[in-house]
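Accompanying notes for the structure given below.
In the UniProt record's numbering, the protein residues as written are 1 to 348.
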């Protein structure tokens, strides 16, 4: 994919400035497809009528030039959607929302993000995010390359756990380089479907956008490797609980949905991960009582069972290596306890 920064686009014909809201680069092997259909596959909640209106208004560009809705997208085309107003995520409104602060000094902030909170404003989530809260509680946070105040890295909406936030430009640069160099320590815990055979192992597989379901990512192999970016996850079994396994995952890279994609790739989808099919019963019996038991587990843990437990990095000022750990949240712990009780009577 091309650069995803949403930035101001300056027109050369003297018209009002337009702002880039979406940018997609077509895969090399993309077959000819009308641009309106192409964008409908990529943009959530977009209707063909809205896309066609955008094209009529000259707001859909391919390789820098406006196109009509019947333009056929080809491999490597760069498709952008432009509007006269900036993206909503640029219109940050500070909100007095609670933040669970694990550590704070003059340059960095470590927070324990609660499940259900989106990290930054985006399509469909323009308020109630962690950045809305940060801009209320802290002034003059530095912008990252995508103009998101303080943000060095992110985790998914329904994933809980630790994030580091930069409070100064120097801290932003220092921390961003550590994430780029893969020198940070990031450990997650997850409950996955099935009995993970090996006690520990490493998953390697390039991750990229799923060719059919654009809300998912997937692993690309062999001749298709170039469609994804290199990703490495190290896992270790913490507890075997019959039809599910509790694991620790350490990230060597940080691709979108990396643990969710890699664990599914080896046949162990995260428990109750709706986007990747983990909200279905993937292992177990056909007994009604078992189905009721799993449904009760889903009610106790109404999200994917993933928690960013450990975060380590070098402090940008003191050069001291700092490691933080936050407890497993109550919803995951309650689900684990149910499986512990069930697995006492479990027989393969």
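We put the beta carbon where it would ideally sit given N, CA and C, even for glycine.
Query                                                                                                                   : Result
Opposing strand residues paired with residue 23 [DSSP bridges]                                                          : 80
Where residue 174 sits in the DSSP three-state scheme                                                                   : helix
Cβ distance (whole Å) where residue 388 is taken to contact residue 192 below 8 Å                                       : The question about residue 388 has no answer, for the chain in this structure spans 1 to 348.
Beta-carbon proximity list for residue 339, same chain, < 6 Å, skipping 5 on both sides                                 : 241 and 244
Buried versus exposed, by CB contacts within 10 Å (16 or more), residue 198                                             : exposed
Which residues DSSP lists as bridging residue 236, in chain order                                                       : 200 and 248
Backbone secondary structure at residue 44 - three-state DSSP                                                           : coil
Residues near residue 202 in its chain [Cβ-Cβ closer than 8 Å; skip 5 each side]                                        : 232, 233, 234 and 235
Start and end residues, beta strand (DSSP E) containing residue 160                                                     : 160-166
Sequence-distant residues of the same chain with beta carbon closer than 8 Å to residue 34, five excluded per side      : 69, 70, 71, 72 and 73
Burial state of residue 41, where buried means 16 or more other Cβ atoms lie within 10 Å                                : exposed
Segment contact flag, the stretch 252-269 with the stretch 217-225, C-beta cutoff 8 Å, min 3 pairs                      : yes
Pair within 8 Å by beta-carbon distance, residue 150 and residue 141                                                    : yes
Identified DSSP bridge partners for residue 193                                                                         : 244
Cβ-based burial, residue 330 [other Cβ within 10 Å; buried from 16]                                                     : exposed
Validate contact between the stretch 281-295 and the stretch 245-256 using beta carbons, cut 8 Å, 3 pairs               : no
6 Å Cβ shell around residue 343 - same chain, five flanking residues per side excluded                                  : 241 and 242
Beta carbon of residue 237 nearer than 8 Å to that of residue 200                                                       : yes
Cβ separation of residue 21 and residue 81, assumed to be a contact under 8 Å, to the nearest whole Å                   : 5 Å
Residue 184 burial status per 10 Å Cβ neighbour count (16 or more: buried)                                              : buried
Rounded separation between residue 146 and residue 98 - CA only                                                         : 24 Å
Close-in-space but distant-in-sequence residues of the same chain around residue 107 (CB under 8 Å, 5 per side omitted) : 166, 167, 168, 170, 171, 315, 316 and 317
Complete alpha helix (DSSP H) runs within the stretch 106-159 (minimum length 4 residues, chain order)                  : 130-137
Local Cβ density within 10 Å of residue 101, reported as buried at 16 or more and exposed below that                    : exposed
Where the beta strand (DSSP E) containing residue 308 begins and where it ends                                          : 306-314
8 Å contact criterion, which residue 75 and residue 114 should meet: CB distance rounded                                : Contact doesn't hold; Cβ gap of about 42 Å is too wide.
Candidates 303, 211, 207 and 213: closest to residue 228 by CA position                                                 : 207
For residue 324: DSSP bridge partner residues                                                                           : 311
Residue burial classification, residue 65 (beta-carbon count within 10 angstroms, cutoff 16)                            : exposed
Where residue 269 falls: helix, strand or coil (DSSP)                                                                   : coil
Span of the alpha helix (DSSP H) around residue 290                                                                     : 288-300
Residue range of the unbroken alpha helix (DSSP H) whose run includes residue 337                                       : 330-343
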